[in-house]
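Asks: Sequential numbering of the sequence shown, starting at 1, is according to UniProt numbering. From the three backbone atoms N, C-alpha and C, an ideal C-beta is built for every residue, glycine too. My questions all concern the structure below.
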Amino acid sequence: MSQFTAPTILMCPPDFYGIEYEINPWMSRSRASDSKLAQQQWHALRDLLENVGAEIRLMPPARGLPDLVFTANAGLVWNNTVFLSKFRHEARQGETPLDEAWFQSIGFETVSMTGEWSFEGAGDALFCGQTLFAGYLIRSDAAAMQWLASQIGCRVIPLQLVDEHYYHLDTCFCPLSADEAIYYPPAFDEYAQAAISAHVENLIPVSESEAARFACNAVVIGRKVVLNTGCPELERELQDRGYEPHHTELGEFIKAGGSAKCLTLRLDGEDAAIWPGVEE
């Protein structure tokens, strides 16, 4: 059972955020982030999340770790355990000791990935119902996801990502509830597209232009969906399905390949997740 009584989200202030290296197609050191604007956009996101009912916990930023701001990649939360990320790129590997210390400081048990596998947390591992949907190839390894599912005792569906722009699962797939999700089909190979269609009853595909505005990288709190600006088609579809979309500009973070979901980690469990083996 979760230690939290309200929707609780981990964020990290962007004090040291910037484009200091290039590890995905969005990043270019020739296209720097505006530090002041990034601060404004991050604080607007935090305020919006609090306004729709979330409690925000903060991890201290650290100089030299500009992507620490993307807390979704810290690990996968399951009950009172966090499976820590094992980053593929050396530039991000210094984040993990800080993540581990922070989680332990508030009472989580932390588990490190075994073997040589890469695993990038809730960026690539998302529950929809009792099934763990797992993005692999670009940042995380399929074997890591199988190991993770064996530790939790759940079904896992590995989904191969085929577009470097959508390098993490959370950039192209967003569970809304146990049987409903937003997704961008061209980000996946044919098998993955078929697997998603077979296992998620209600799907909302997004257009190419809105996928590029990180439409799928949304934060879901009950029936409220927080996302980047520039996704009017998805917002209309969400409203038609009884959801309440809220947008806020996050363009400074798209420069690094992230948006609302990347900047957050739900500590009490996503609304779409039904954790196997956990009593309510």
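Within 7 Å: the Cβ of L84 and any heavy atom of the ligand PLP?
Replies: You won't find the ligand PLP in this model; it holds no ligand whatsoever.
Asks: Starting from Q160, follow its DSSP beta bridges and name the residues at the other end.
Replies: Position 160 of the sequence shown holds residue 160. Q160 pairs with Y136.
Asks: Could you give the uninterrupted runs of the beta strand (DSSP E) lying entirely in the segment 83 to 118, keeping only those of 3 residues or more?
Replies: Listed in chain order, they are 109 to 111.
Asks: Counting along the chain, where does the alpha helix (DSSP H) carrying G251 start and finish?
Replies: Counting from 1 along the sequence shown, the entry for residue 251 is found at position 251. Start and end: 251 to 254.
Asks: Just mark I254 as buried or exposed, buried being the case when its beta carbon has 16 or more other beta carbons within 10 Å.
Replies: Here residue 254 corresponds to residue number 254 of the sequence shown, with the count starting at 1. Flag for I254 reads buried.
Asks: Whole angstroms is fine: what's the gap from V206's alpha carbon to L126's?
Replies: For the purposes of this step, residue 206 is identified with residue 206 of the sequence shown, where counting begins at 1. For the purposes of this step, residue 126 is identified with residue 126 of the sequence shown, where counting begins at 1. Going from the Cα of V206 to the Cα of L126 covers about 18 Å.
Asks: Name the two residues that bound the continuous alpha helix (DSSP H) containing L227.
Replies: Along the sequence shown, read from residue 1 onward, the residue named residue 227 stands at position 227. Run containing L227: none in the alpha helix (DSSP H); it sits in the beta strand (DSSP E), 224 to 228.
Asks: Going by C-alpha distance, which of A181, R63, Y17 is nearest L201?
Replies: For the purposes of this step, residue 201 is taken as the residue at position 201 of the sequence shown. The residue you asked about is not Leu; residue 201 is Glu in the sequence shown. If we check each option's Cα against that of E201, A181 comes out closest.
Asks: CA-CA distance, E210 and P25?
Replies: For the purposes of this step, residue 210 is taken as the residue at position 210 of the sequence shown. For the purposes of this step, residue 25 is taken as the residue at position 25 of the sequence shown. In a straight line, the C-alpha of E210 is about 17 Å away from that of P25.
Asks: Inspect the CB distances between the segment 245 to 259 and the segment 221 to 234 and report whether three or more fall short of 8 Å.
Replies: Result yes; three or more Cβ-Cβ pairs closer than 8 Å.
Asks: Look up M11 in the DSSP assignment and give the residues it is bridged to.
Replies: On the sequence shown, position 11 is the one that residue 11 refers to. Bridge partners of M11: L58.
Asks: Please name the residue or residues paired with P175 in a DSSP beta bridge.
Replies: As a position in the sequence shown, residue 175 is number 175, starting the count at 1. Note: P175 sits in a beta bridge opposite A181.
Asks: Counting along the chain, where does the alpha helix (DSSP H) carrying N51 start and finish?
Replies: Here residue 51 is taken as the residue at index 51 of the sequence shown, counted from 1. Where N51 is concerned, the enclosing alpha helix (DSSP H) stretches over 35 to 51.
Asks: Taking only three categories from DSSP, how would you classify L265?
Replies: Taking the sequence shown and counting its residues from 1, one reaches residue 265 at position 265. Correct three-state label for L265: strand.
Asks: Provide the residue(s) that pair with R155 in DSSP beta bridges, ordered along the chain.
Replies: On the sequence shown, position 155 is the one that residue 155 refers to. Its beta-bridge partners are T131.
Asks: Whose C-alpha, out of Q40, G18, K36, is nearest the C-alpha of S30?
Replies: One-based indexing of the sequence shown puts residue 30 at position 30. With distances taken between Cα atoms, S30 lies closest to G18.
Asks: Could you compute how far the alpha carbon of Q193 sits from the alpha carbon of P185?
Replies: Taking the first residue of the sequence shown as position 1, residue 193 is located at position 193. Taking the first residue of the sequence shown as position 1, residue 185 is located at position 185. Answer to the nearest angstrom: the Cα atoms are 6 Å apart.
Asks: Please determine, among C172, E270, H199, A198, the residue with the shortest C-alpha to C-alpha distance to A187.
Replies: Locating residue 187 in the sequence shown gives position 187, where the first residue counts as 1. The candidate whose alpha carbon is nearest that of A187 is C172.
Asks: Are there 16 or more other CB atoms within 10 angstroms of the CB of E164, so buried, or fewer, so exposed?
Replies: Residue numbering aside, residue 164 sits at position 164 when the sequence shown is read from its first letter. Label assigned to E164: exposed.
Asks: In whole angstroms, what is the alpha-carbon distance linking R213 and L234?
Replies: Here residue 213 corresponds to residue number 213 of the sequence shown, with the count starting at 1. Here residue 234 corresponds to residue number 234 of the sequence shown, with the count starting at 1. Going from the Cα of R213 to the Cα of L234 covers about 11 Å.
Asks: Could you spell out the range, first to last residue, of the beta strand (DSSP E) harbouring P205?
Replies: Working through the sequence shown from its first residue, we reach residue 205 at position 205. First-last of the beta strand (DSSP E) with P205: 202 to 205.
Asks: In the structure shown, what three-state DSSP assignment does T248 receive?
Replies: If you number the sequence shown from 1, residue 248 lands on position 248. In this structure, T248 counts as strand in the three-state DSSP scheme.
Asks: Put A187 into one of helix, strand or coil per three-state DSSP.
Replies: As a first step, residue 187 is located in the sequence shown; it is residue number 187 there, counting from the start. Here A187 sits in helix by DSSP.
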